[in-house]
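Chains A and W, in that order, are what the protein sequence lines are. Taking numbering that gives the first Met the number 0, the leading residue of the first sequence gets 0, the next gets one more, and so forth. Taking numbering that gives the first Met the number 0, the leading residue of the second sequence gets 0, the next gets one more, and so forth. These notes concern the structure reproduced below.
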Amino acid sequence: MKIIITLITAVIIMSLYAFNQTSNYTFSSGQDYENRHIQDTTLKNSMKRGEVLYADFCMQCHMTDGKGVEKTYPPLAQSDYLSEHKNAIKAVKFGLNGEILVNGIKYSGAMADLGLYDDEIADVMNYILNSWNNTSEEIITPELVKQIDK
Amino acid sequence: MKLKILFLLIITSGLAIYAQDIDHHKNEDIPITDNNNYTYETVVDELSVPWGLEFLPDGSLLITEQKGTLIHFINGKKQIIEGVPEVYFRGQGGLLDIKIHPDYVNNGWIYITFSSTEGAEKGGNTSLMRARLDGNKLIDKQVLYKASPNTTKGQHWGSRIAFDNEGHVFFSAGQRGERDVNPQDITRDNGKIYRLNNDGSIPKDNPFVGIPNAKEAIWSYGHRNPQGMDVNPKTGTVWVHEHGPRGGDEINIIKKGANYGWPVITYGINYSGTEITEERSRSDMQQPLYYWIPSIAPSGLAFIHDTVQFQELNGNILVGSLKYNYLEALYLDENDKVIKREKLLADVGRVRNVKQAPDGNIFISVEGKGILKLVKK
Numbered sequence: 000m001k002i003i004i005t006l007i008t009a010v011i012i013m014s015l016y017a018f019n020q021t022s023n024y025t026f027s028s029g030q031d032y033e034n035r036h037i038q039d040t041t042l043k044n045s046m047k048r049g050e051v052l053y054a055d056f057c058m059q060c061h062m063t064d065g066k067g068v069e070k071t072y073p074p075l076a077q078s079d080y081l082s083e084h085k086n087a088i089k090a091v092k093f094g095l096n097g098e099i100l101v102n103g104i105k106y107s108g109a110m111a112d113l114g115l116y117d118d119e120i121a122d123v124m125n126y127i128l129n130s131w132n133n134t135s136e137e138i139i140t141p142e143l144v145k146q147i148d149k
Numbered sequence: 000m001k002l003k004i005l006f007l008l009i010i011t012s013g014l015a016i017y018a019q020d021i022d023h024h025k026n027e028d029i030p031i032t033d034n035n036n037y038t039y040e041t042v043v044d045e046l047s048v049p050w051g052l053e054f055l056p057d058g059s060l061l062i063t064e065q066k067g068t069l070i071h072f073i074n075g076k077k078q079i080i081e082g083v084p085e086v087y088f089r090g091q092g093g094l095l096d097i098k099i100h101p102d103y104v105n106n107g108w109i110y111i112t113f114s115s116t117e118g119a120e121k122g123g124n125t126s127l128m129r130a131r132l133d134g135n136k137l138i139d140k141q142v143l144y145k146a147s148p149n150t151t152k153g154q155h156w157g158s159r160i161a162f163d164n165e166g167h168v169f170f171s172a173g174q175r176g177e178r179d180v181n182p183q184d185i186t187r188d189n190g191k192i193y194r195l196n197n198d199g200s201i202p203k204d205n206p207f208v209g210i211p212n213a214k215e216a217i218w219s220y221g222h223r224n225p226q227g228m229d230v231n232p233k234t235g236t237v238w239v240h241e242h243g244p245r246g247g248d249e250i251n252i253i254k255k256g257a258n259y260g261w262p263v264i265t266y267g268i269n270y271s272g273t274e275i276t277e278e279r280s281r282s283d284m285q286q287p288l289y290y291w292i293p294s295i296a297p298s299g300l301a302f303i304h305d306t307v308q309f310q311e312l313n314g315n316i317l318v319g320s321l322k323y324n325y326l327e328a329l330y331l332d333e334n335d336k337v338i339k340r341e342k343l344l345a346d347v348g349r350v351r352n353v354k355q356a357p358d359g360n361i362f363i364s365v366e367g368k369g370i371l372k373l374v375k376k
């Protein structure tokens, strides 16, 4: 009997774990913003365009779930580096070089300038700032991106 | 008893899911070990993304910066070369590889790959040109190949260049973000290795010459994004490595007309963690010589040969890792099988390129750093 109880517990733990693992990889960004009832269709459309750009320019390193690769590519999901939007826009606009600290972990790999237009940077920023449980009050506009200098 | 068996079954399948999902790694891989016998000297500093590197007979260097600058590093100074083609600097595109003709001393030809906007559609695609250097100017520019159609996507330009000893130039063009359209279709560019005569004409013995609608410059297909290419000095064959998606970066020995399988067979998975396909091999498709899981994001490939300085590396290959910031040495046995792997220059930075100079020195290009020379401690 004891063995059976142990087994049942083990099964529950395993399936919970497996479920959790799978859900980590779910690419549910579209749903994320639908569910938060954002009325602003401008933001919604910007995020849609941003999602496509993200898959082309960012995903190879930062991954579909925005979690990056620990100690190699910093996370964008729940990342303290993004709390100052200016920093993040700067990184996308001009690239990054030198050590940065993200959620207490050091990252020293360089990020290249991506050659995106200002409106595309706004779109991809809006996508990043409102995906994977990230939320942002501010809507990034091309005008704002344009103002940001090196 | 029956219940117990049932529970065991459930547990086993639970374990299987768990293993597949997060334990995506190679079975029986050759372990990589640290080799701390090397360090480096900085030769050229303050470079951003030094994509291509070439050595001129006078000992000076030609360096392409991805953003579109061609630098001639001569007598310890950077000279900017004028007349460089306008590049479509986007994502991984820009001014890419550079390589001199094997008979450069007599003909002066320099071959360059870049992201070109030539053509009717918006965006760009990979182009190969040749030109000569006159002082600090590029002259006699000729576009030898321009892949089409253009696209505004930022990734997979390929672009490494190599020459064989029989008058051919090889170069790669990546799939340009169109996995399901380009690599397996020989009537389309991208996801291919190309072979041209040195003047840009198509060799009559290319594998797809005469096939209706085929891009006759294609030498091999089924590639994803090859950013490393060199000729094996022992056999004269072209070796290429390419980026997989998540896992499944490959080294391949390139054969005439061969299909390297992407995306029909692959050891990689989607960035999201889901399977692309469960197929790992097919009889009409090539298996890689070696593949990496997880991906190291390889860029630059160099056969080290006949060096006095690095005899321990002779006959083996070096590969840069963009992802893990080191230089990987892959040691080969007499049948060209990988038998040992070592990590050189741990944490040096994003290694974009590696080359052996004519004098036997080994140089690497590191993003955000510059050109570094490998030195034994």
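C-beta atoms are modelled at their ideal positions from N, C-alpha and C, and glycine is treated no differently.
- Every alpha helix (DSSP H) stretch that sits fully inside the stretch 83-169 of chain W and reaches 4 residues is listed by chain position as 103-106.
- Within the stretch 110-126 of chain A, A111, D112, L113, G114 and L115 place their CB atoms closer than 8 Å to a CB of chain W, listed in sequence order.
- A distance below 9 Å separates the beta carbons of D248(W) and S294(W).
- Contact annotation: in the stretch 76-99 of chain W, residues whose CB is within less than 7 Å of a CB in chain A are F88, R89 and G90.
- Judged by DSSP secondary structure, Q308(W) falls outside any beta strand (DSSP E); it is assigned neither H nor E.
- Distance between H155(W) and Q91(W), taken at the CA atoms: about 7 Å.
- A check of alpha carbon separations from Y53(A) across I120(A), N96(A), L143(A) and E137(A) identifies I120(A) as the nearest.
- Straight-line spacing of the CA atoms in S320(W) and S171(W) works out to 19 Å.
- Neighbours of S364(W) in chain A, taken as residues whose beta carbon is under 7 Å from its own, are absent, since the nearest beta carbon is some 12 Å off.
- According to DSSP, residue pairing for Q78(W) in a beta bridge involves H71(W).
- The C-beta distance from G221(W) to M284(W) rounds to 7 Å, short enough to fall under 8 Å.
- Neighbours of R349(W) in chain A, taken as residues at a C-beta separation under 8 Å, are given in chain order as G108 and A109.
- Proximity of chain W to D148(A) at the Cβ level (cut-off 7 Å) is not reached, the minimal Cβ distance being about 18 Å.
- Annotation: R131(W) to D96(W) spans about 15 Å, alpha carbon to alpha carbon.
- Under the Cβ distance rule, M46(A) does not count among the residues neighbouring chain W, no pair being separated by less than 9 Å.
- Using a C-beta cut-off of 8 Å, the stretch 74-93 of chain A makes no contact with the stretch 59-67 of chain W, since fewer than three inter-stretch Cβ pairs fall below that distance.
- Straight through space, the alpha carbons of V307(W) and K152(W) are spaced by roughly 44 Å.
- In the structure shown, P49(W) falls within a strand segment according to DSSP collapsed to helix, strand and coil.
- Legend: CB atoms of the stretch 248-273 of chain W lying less than 9 Å from CB atoms of chain A belong to residues N269, Y270, S271, G272 and T273.
- The contact set of Q65(W) on chain A, defined by CB atoms closer than 8 Å, consists of A111 in chain order.
- The Cβ atoms of C57(A) and V68(A) lie no closer than 9 Å to each other.
- Listed in chain order, the beta strand (DSSP E) runs fully inside the stretch 300-370 of chain W are 315-320, 325-331, 337-343, 350-355 and 361-365, counting runs of at least 3 residues.
- Secondary structure note for P141(A): its alpha helix (DSSP H) is the uninterrupted segment P141 to Q146.
- Residues of chain W with a Cβ closer than 7 Å to the Cβ of N96(A) are, in chain order, G367.
- Contact of G153(W) with chain A by beta-carbon distance below 9 Å involves L52, D55, F56, L113, G114 and L115.
- DSSP places D229(W) within a strand segment (E or B) once states are collapsed to three.
- By the criterion of a C-beta distance shorter than 6 Å, I127(A) is surrounded in its chain by L75, once the five residues flanking it on both sides are discounted.
- Rounded to the nearest whole angstrom, the CA to CA distance from A328(W) to Y39(W) is 15 Å.
- Between the alpha carbons of G367(W) and I70(W) lies a gap of roughly 15 Å.
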